[in-house]
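Q: Read in order, the letters of the sequence shown are residues 32 to 101 in our numbering. Here a beta-carbon is modelled for each residue, glycine too, at the ideal position from N, C-alpha and C.
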Amino acid sequence: MSVAAPVSFATVQTTFPSRDEDHYRLAQKVGQRDQQLHDYGRHGYRLANTVTVTGAEFVTVIDTLTREND
32 MSVAAPVSFA TVQTTFPSRD EDHYRLAQKV GQRDQQLHDY GRHGYRLANT
82 VTVTGAEFVT VIDTLTREND
């Protein structure tokens with residue numbers, strides 16, 4: 032029987048404006064999210080799941096990342 036390696040979890044939560052007139056802010060937030068996910072990826076994390084929560088004025092995206100510890 033083999034023992035599974037311990038796993039680390041991390042989350043990245045990003046809130047985006049949902050109104051069309053907030054295009055600049057949306058583009059800025061998308062860029063920030065991309066950079067955060069890239070940074071985690073450089074440290075061995077992989078995207079495991081993404082959940083989207085839609086509200087009246089905002090959309091929140093919650094990314095769950097995992098990394099196997101050596």
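(1) Should Ser49 and Val90 be called a contact, given that it needs their Cβ atoms to be closer than 7 Å?
(2) Out of curiosity, what's the CA-to-CA distance linking Thr112 and Ile93?
(3) In chain order, what residues of the same chain lie with their CB nearer than 7 Å to the CB of Leu57, ignoring the 5 residues before and after it?
(4) Could you check what DSSP says for Glu88 in three-state terms: helix, strand or coil?
(5) Check Arg64 in the structure and name its three-state DSSP category.
(6) Looking at the strands, I want to know which residues DSSP matches up with Pro48.
(7) Does Asp94 come out as helix, strand or coil in the three-state DSSP assignment?
A: Quick answer:
(1) yes
(2) Missing from the structure shown is residue 112; the chain here goes from 32 to 101 and no further.
(3) Phe47, Pro48
(4) coil
(5) helix
(6) Phe89
(7) strand
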